[in-house]
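For reference, the structure is listed below as structure tokens.
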Amino acid sequence: MINKIIDEALIAHDFKKEHETELTGFYIREFGSAIRFAILHRLDELTNPAALNAVINQSVPESFINHPTFKKNCDLICVHRLKKLAEFKDFEEQIFAIEEDPHFFKKYILYYSDTEETAIQDYSFEKLAATISDKSQFINYKSEPLAATQYSVAAKIFIKLPFLELPFTREKLVSLRLQASEAVAEEGLVEIYEIIQKLTTNNADEIIKELINNELENNPN
802 MINKIIDEAL
812 IAHDFKKEHE
822 TELTGFYIRE
832 FGSAIRFAIL
842 HRLDELTNPA
852 ALNAVINQSV
862 PESFINHPTF
872 KKNCDLICVH
882 RLKKLAEFKD
892 FEEQIFAIEE
902 DPHFFKKYIL
912 YYSDTEETAI
922 QDYSFEKLAA
932 TISDKSQFIN
942 YKSEPLAATQ
952 YSVAAKIFIK
962 LPFLELPFTR
972 EKLVSLRLQA
982 SEAVAEEGLV
992 EIYEIIQKLT
1002 TNNADEIIKE
1012 LINNELENNP
1022 N
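Quick note on numbering: the sequence shown equals residues 802 to 1022 in our numbering.
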């Protein structure tokens, strides 16, 4: 499921799949002279960086190998399944060793649990993008960041993969003046607010006296 969503994400960001094996997909994106490569790999077992590099290099299509920018501009996205998220601590060093390895590719390990996979059953990248834009789910995620939810999976994917663009929702802006007026009304300070609005560099003393008098009038003592 996760691999399917990442595949859709790559396609949605203008990557084209050039080659595919049972475990690995090879993608390319071209914008004029700007070219970027991506490899999506199902990593069934964690291994050392050298062994992973060897496995991937054996499957790289010749068109990629012959491209002069391939080695410098390729992201290797490894999707790894954990039975439980708590297992991450047992494999943390191995995961970091792979991600920090400087040879051949920029590497990203996207790990997930059985519970997280269940949470996004029948999900698509379109639904994932809608989830990451849901403010109510974000609030719940902030209060329980370790819970396995649709939002936790979406957040992990968008944080981990550098080429994904966060969806942007344009909202109608509310005038700051209107917001201030409403806040003042809620606090019952309309009269004072109206006095302050009269303030200029030439009448500061008069405004201060008016505010003091207003305060004294409203003070029962």
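Idealized CB from N, CA, C, for every residue including glycine.
Option nearest residue i by Cα separation, candidates the options
| i | options | result |
| --- | --- | --- |
| Asn874 | Ser864, Pro862, Thr950, Ala839 | Ala839 |
| Asp845 | Lys818, Ile910, Gly833, Tyr828 | Ile910 |
| Glu831 | His868, Cys879, Asp935 | His868 |
| Ile829 | Ala955, Ile866, Met802 | Ile866 |
| Ile807 | Gly833, Ile878, Glu821, Glu863 | Ile878 |
| Lys936 | Ala955, Tyr924, Asp876 | Ala955 |
| Ile896 | Lys885, Tyr912, Lys884 | Tyr912 |
| Glu917 | Gly833, Thr950, His842 | Thr950 |
| Leu841 | Ser834, Leu847, Asp923, Leu824 | Leu824 |
| His881 | Phe871, Thr870, Glu900, Lys872 | Glu900 |
| Lys885 | Thr822, Leu947, Ile958, Glu821 | Leu947 |
| Gln938 | Pro903, Glu893, Tyr952, Asp876 | Tyr952 |
| Arg843 | Phe871, Leu883, Lys872 | Leu883 |
Outcome for residue i when other beta-carbon atoms lying within 10 angstroms are tallied against a minimum of 16
| i | result |
| --- | --- |
| Leu811 | buried |
| Ala852 | exposed |
| Ala887 | exposed |
| Phe905 | buried |
| Thr932 | buried |
| Lys890 | exposed |
| Leu967 | exposed |
| Ile803 | buried |
| Lys805 | exposed |
| Lys817 | exposed |
| Ser944 | exposed |
| Ile940 | exposed |
| Lys908 | buried |
| Glu972 | For Glu972, the predicted model reports a pLDDT of 49, less than 50, meaning its position is unreliable; a value from the coordinates is still stated below. Exposed, because fewer than 16 other Cβ atoms sit within 10 Å of the Cβ of Glu972. |
| Ser834 | exposed |
Cut-off 7 angstroms between Cβ atoms - residues of its own chain near residue i, not counting five sequence neighbours on either side
| i | result |
| --- | --- |
| Ala813 | Phe926 |
Same chain, Cβ closer than 6 angstroms to residue i, neighbours up to 5 away in sequence not counted
| i | result |
| --- | --- |
| Arg837 | Arg830, Asn874 |
| Asp815 | Arg830 |
| Thr822 | Ser860 |
Run of the alpha helix (DSSP H) containing residue i, from where it starts to where it stops
| i | result |
| --- | --- |
| Val954 | 951-961 |
| Val856 | 850-860 |
| Phe838 | Where Phe838 is concerned, there is no enclosing alpha helix (DSSP H), although the beta strand (DSSP E) it sits in stretches over 835-843. |
| Asp1023 | The question about residue 1023 has no answer, for the chain in this structure spans 802 to 1022. |
| Leu929 | 926-933 |
| Ile896 | 889-900 |
| Ile878 | Careful: Ile878 lies outside any alpha helix (DSSP H), inside the beta strand (DSSP E) at 875-883. |
Residue i - containing beta strand (DSSP E), residue span
| i | result |
| --- | --- |
| Ser914 | 907-914 |
| Thr825 | 825-832 |
| Lys818 | 817-821 |
8 angstroms contact criterion, which residue i and residue j should meet: CB distance rounded
| i | j | result |
| --- | --- | --- |
| Phe827 | Val856 | No, Phe827 and Val856 are not in contact; Cβ-Cβ is about 13 angstroms, not under 8 angstroms. |
| Ala898 | Pro963 | The Cβ separation is near 20 angstroms, so there is no contact. |
Beta-carbon proximity list for residue i, same chain, < 8 angstroms, skipping 5 on both sides
| i | result |
| --- | --- |
| Ile960 | none |
| Glu819 | Phe827, Tyr828, Ile829, Pro862, Ser864, Phe865 |
| Glu809 | Ser925, Phe926, Glu927 |
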